[in-house]
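**Student:** Here you go, one structure.
Numbering (our numbering), first residue to last: 2 to 295.
In structure tokens form, the structure reads like this:
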């Protein structure tokens, strides 16, 4: 009977496992294999080149610029989508009146429901050097020297895209933190107040440790999203000007579908996969060790 029940369990698991194998794990392995070949969309017989595509990436300055942009994107996202969002969630729960919390949560969450493409187009108008609201606001405040062609200058293009992404994502991660904070037993905070702990001390001693699992989840999603970013850049700059806002996703796209160098594109895709896999695995490992010690 025990064996029969086990086989019945496998009957329910196998469809999901088959889907994972076909649509997740097989493409990963196939992409890794194709990264060892020189081929394009019209190649009848791909030519095996070993690690030449990875050597090309190592010698490609635009690849390293794209990787640097992804890294800056990830670090900035950690600061705002994890750190600032947690503070914002705590403020909503501790300092804002009950009647205002629902309204503010809705306001903060609205950007998250807007399509990335739509948000990118909206911010492209906002950043427009002639008719954009940002330059007009700076001019009205007498800050003419701060005006820029935000998406047209190498020094500001990537930061402008990052700012748009943070605006769209902070509300979503803040709501996730709100849910995690609401699950913390209120008795902990009451005991802390009796012991004389202030709100800031309670935040660091109770809130931060108790929402550690949610912090781990959001951190993994944030870093992975930063290295997989694509739509924002394609909509707003397509990697320009002068490749200053290229990220790994857009550089992969350009080499695959514009330069028709599928082997090199597969190598870039493998690099993205390895980076996100290592970051996610290390974050889970560190989080588990801390949870056990705590």
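Heads up, the beta-carbon is just placed ideally off N, CA and C, and yes, glycines get one too. Remember, predicted model here, so these are calculated numbers, not experimental data.
At the level of alpha carbons, what is the spacing between residue 130 and residue 138?
**Tutor:** Approximately 11 Å, taken between the alpha carbons.
**Student:** Could you give the distance in angstroms between the alpha-carbon of residue 46 and the alpha-carbon of residue 33?
**Tutor:** Rounded to whole angstroms, residue 46 to residue 33 spans 17 Å at the Cα level.
**Student:** In terms of alpha-carbon separation, which member of 186, 184 and 203 lies closest to residue 193?
**Tutor:** Of the candidates 186, 184 and 203, the one whose C-alpha sits nearest the C-alpha of residue 193 is 203.
**Student:** Going by the DSSP bridge assignment, what does residue 39 pair with across the sheet?
**Tutor:** Residue 39 is bridged to 48.
**Student:** Under a Cβ-count criterion, where at least 16 other Cβ atoms within 10 Å of its own Cβ denotes burial, should residue 107 be classed as buried or exposed?
**Tutor:** The residue is exposed, with fewer than 16 neighbouring Cβ atoms inside 10 Å.
**Student:** Residue ranges of each alpha helix (DSSP H) run of no fewer than 4 residues wholly in the stretch 109-196, ordered along the chain?
**Tutor:** Listed in chain order, they are 117-127, 134-141, 158-183 and 187-195.
**Student:** Is residue 100 closer than 8 Å to residue 93 when the C-beta atoms are compared?
**Tutor:** No, Cβ-Cβ distance for residue 93 and residue 100 is not below 8 Å.
**Student:** In whole angstroms, what is the alpha-carbon distance linking residue 287 and residue 221?
**Tutor:** Each residue's alpha carbon lies about 12 Å from the other.
**Student:** Once the 5 residues before and after residue 277 are set aside, which same chain residues still bring their CB inside 6 Å of it?
**Tutor:** Taken in chain order, the residues that qualify are 225 and 228.
**Student:** Could you pull out every residue in the same chain whose Cβ sits closer than 7 Å to the Cβ of residue 211, ignoring the five residues on either side in sequence?
**Tutor:** Answer for residue 211: 185, listed in chain order.
**Student:** For a quick check, are the C-beta atoms of residue 148 and residue 77 less than 8 Å apart?
**Tutor:** No, the Cβ-Cβ distance between residue 148 and residue 77 is not below 8 Å.
**Student:** Between the stretch 156-174 and the stretch 111-131, can you find at least three pairs of beta-carbon atoms closer than 8 Å?
**Tutor:** A contact exists between the stretch 111-131 and the stretch 156-174.
**Student:** Counting only the same chain and skipping the five closest in sequence on each side, list residues whose C-beta sits under 6 Å from that of residue 297.
**Tutor:** A question about residue 297 goes unanswered here, because the residues of the chain that appear run from 2 up to 295.
**Student:** Are the CB atoms of residue 172 and residue 268 within a distance shorter than 8 Å?
**Tutor:** No, the Cβ-Cβ distance between residue 268 and residue 172 is not below 8 Å.
**Student:** Cα separation between residue 35 and residue 29?
**Tutor:** Roughly 10 Å between the two C-alpha positions.
**Student:** Quick check: what's the CA-CA separation for residue 133 versus residue 261?
**Tutor:** Distance between the alpha carbons of residue 133 and residue 261: 36 Å.
**Student:** Select from 9, 284, 150 and 39 the residue whose C-alpha is nearest the C-alpha of residue 51.
**Tutor:** Answer by Cα proximity: 39.
**Student:** Ignore the nearest five residues each way along the sequence and tell me which others in residue 264's own chain have a CB closer than 6 Å to its CB.
**Tutor:** Once the five neighbours on either side are set aside, the close Cβ partners of residue 264 are 38, 39, 40 and 54.
**Student:** Should residue 96 be labelled buried (16 or more other beta-carbon atoms within 10 Å of its own) or exposed?
**Tutor:** Under this definition residue 96 is an exposed residue.
**Student:** Would you identify the three-state DSSP class for residue 220, choosing helix, strand or coil?
**Tutor:** Note: residue 220 maps to helix in three-state DSSP.
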